[in-house]
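Notes to accompany the following structure.
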Ligand code: SF4
Ligand code: SF4
């Protein structure tokens with residue numbers, strides 16, 4: 005079932021002279037160009053709407069430099085959906101043929117293969133059951149170790165989830181590129197898989213998937229998420245299983261750290277800011293971004309450092325549509341996260357989103373850092 009997508013027409017009028025989230029925009033931080041800040045994008049779009057500017061290769065390039073990370077909206081006292089307004093403007097630009105070449109290239113891949121990485125069709129649901137694990141494309145093509153380790157942990161907790169969406173993008177990428185029809189088709193494919201499999205609790209590997217299912221589908225695409233399907237992050241589920249005595253961590257693995265273990269930082273994944281408190285099992289009130297930290301406390305003996313851009317102000321690591329339009333910006337965002345962790349005193353960086361890991365890991369040695377996947381680290385310490 006589809007609803008009408010929200011009207012974001014007034015948002016850019018509200019944003020164009022407002023500086024109240026400028027200081028948290030990660031792209032503003034790394035590029036330091038006024039045009040490429042929240043009010044800059046608001047001004048560009050509003051100027052086109054007033055006939056003072058036109059969409060062309062230059063204005064479209066500026067529009068596509070936004071990371072669609074949600075940090076502006078998360079810090080806006082009036083909750084202006086600026087990222088949705090930017091996505092709506094991109095849809096107009098893409099339809100006019102002015103979008104960067106990567107948009108059309110990725111759009112063609114998504115139309116034929118459901119993912120931007122490989123010419124391989126996604127898999128249908130792996131079976132039927134109450135509990136599912138949404139796999140997506142990045143856990144197949146970018147960082148498969150995370151999927152393997154997460155399944156090992158879930159099996160240890162007595163759960164054998166139905167795999168959903170293996171090899172298929174959740175629709176965020178198409179939406180962010182200004183391809184809403186493609187995004188809706190991908191969202192519908194997820195819903196079809198859920199209906200066919202009977203899954204009622206869908207576990208997700210990272211907040212980006214949780215955001216897509218619990219907010220983006222309804223707020224931006226007008227796609228109604230089934231009311232009887234609960235979305236839960238794997239980290240929160242594992243934490244609940246430990247509390248229930250169903251899962252034990254702390255066994256000595258190859259990565260057991262000694263009293264001389266190096267300081268480490270947990271990097272909140274891309275889109276964390278869009279999931280207020282992040283998802284937790286019902287009845288548990290403390291902030292959900294503590295779940296991965298508590299899991300790490302169970303297996304790490306080195307001191308934990310906290311980067312400045314964490315939790316409700318966590319910046320993205322670059323695993324957004326920027327990878328396909330302006331990859332240098334994605335790299336700069338990843339570098340900024342590593343610099344933040346290093347400044348906090350970390351020598352090891354841990355996170356769980358497969359797309360973030362794939363960007364951060366190759367760059368980490370340049371900063372004297374080692375990057376570890378959260379799920380792999382935990383799986384190494386199963387008792
Ligand atoms: S999102 Fe909110 S804080 Fe940011 S520019 Fe718009 S109105 Fe201002
Ligand atoms: S979505 Fe992110 S990159 Fe885009 S304006 Fe908002 S804070 Fe800046």
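Numbering (my numbering), first residue to last: 5 to 387. Even glycine gets a Cβ: it sits at the ideal position worked out from N, Cα and C. Remember, predicted model here, so these are calculated numbers, not experimental data.
Quick check: what's the CA-CA separation for residue i versus residue j?
{"i": "residue 101", "j": "residue 108", "result": "9 Å"}
{"i": "residue 170", "j": "residue 21", "result": "43 Å"}
{"i": "residue 363", "j": "residue 251", "result": "30 Å"}
{"i": "residue 78", "j": "residue 276", "result": "10 Å"}
{"i": "residue 249", "j": "residue 358", "result": "28 Å"}
{"i": "residue 267", "j": "residue 372", "result": "12 Å"}
{"i": "residue 301", "j": "residue 310", "result": "13 Å"}
{"i": "residue 225", "j": "residue 254", "result": "42 Å"}
{"i": "residue 330", "j": "residue 122", "result": "20 Å"}
{"i": "residue 337", "j": "residue 34", "result": "7 Å"}
{"i": "residue 184", "j": "residue 66", "result": "20 Å"}
{"i": "residue 322", "j": "residue 334", "result": "4 Å"}
{"i": "residue 80", "j": "residue 186", "result": "29 Å"}
{"i": "residue 195", "j": "residue 349", "result": "43 Å"}
{"i": "residue 217", "j": "residue 54", "result": "34 Å"}
{"i": "residue 179", "j": "residue 93", "result": "11 Å"}
Count the other CB atoms, across all protein chains shown, that sit within 10 Å of the CB of residue i; report buried if there are 16 or more and exposed otherwise.
{"i": "residue 60", "result": "exposed"}
{"i": "residue 288", "result": "Confidence is the limiting factor: at residue 288 the pLDDT is only 47, short of 50, which leaves the residue's position unreliable and the question unanswerable from this model."}
{"i": "residue 37", "result": "exposed"}
{"i": "residue 332", "result": "exposed"}
{"i": "residue 328", "result": "buried"}
{"i": "residue 228", "result": "exposed"}
{"i": "residue 369", "result": "exposed"}
{"i": "residue 237", "result": "buried"}
{"i": "residue 144", "result": "buried"}
{"i": "residue 56", "result": "exposed"}
{"i": "residue 43", "result": "buried"}
{"i": "residue 258", "result": "For residue 258, the predicted structure reports a pLDDT of 47, less than 50, and the residue's modelled location is therefore unreliable. A value from the coordinates is still provided. With fewer than 16 Cβ atoms within 10 Å of its Cβ, residue 258 is classed as exposed."}
{"i": "residue 82", "result": "exposed"}
{"i": "residue 278", "result": "buried"}
{"i": "residue 111", "result": "buried"}
{"i": "residue 124", "result": "exposed"}
{"i": "residue 3", "result": "Residue 3 falls outside the range modelled here, since the chain spans only 5 to 387, and no answer is possible."}
{"i": "residue 231", "result": "exposed"}
{"i": "residue 312", "result": "exposed"}
{"i": "residue 212", "result": "buried"}
So, with DSSP's three-state summary, where would you put residue i?
{"i": "residue 280", "result": "coil"}
{"i": "residue 170", "result": "strand"}
{"i": "residue 124", "result": "coil"}
{"i": "residue 150", "result": "helix"}
{"i": "residue 96", "result": "helix"}
{"i": "residue 137", "result": "strand"}
{"i": "residue 163", "result": "coil"}
{"i": "residue 224", "result": "coil"}
{"i": "residue 271", "result": "coil"}
{"i": "residue 372", "result": "coil"}
{"i": "residue 381", "result": "helix"}
{"i": "residue 253", "result": "strand"}
{"i": "residue 116", "result": "helix"}
{"i": "residue 144", "result": "helix"}
{"i": "residue 294", "result": "helix"}
TODO: Anything with a beta carbon under 5 Å from a heavy atom of ligand 2 counts; list them all in chain order.
DONE: Proximity annotation: ligand 2 has residues 29, 31, 42, 70, 71, 73, 75, 76 and 87 in chain order, each selected because its CB is closer than 5 Å to a heavy atom of the ligand.
- [ ] Tell me the start and end of each unbroken alpha helix (DSSP H) in the region 8–88 that is at least 4 residues and wholly inside, in chain order.
- [x] List check, alpha helix (DSSP H) in window: 15–19, 30–35, 42–53, 61–67 and 75–78.
Task: Uninterrupted beta strand (DSSP E) stretches inside the region 298–363 (no shorter than 3 residues) - done: Residue ranges of uninterrupted beta strand (DSSP E) with 3 or more members, entirely inside the region 298–363 and ordered along the chain, are 352–355.
Task: Runs of beta strand (DSSP E) lying entirely within the region 176–213, each at least 3 residues, in chain order - done: 205–208, all fully within the region 176–213.
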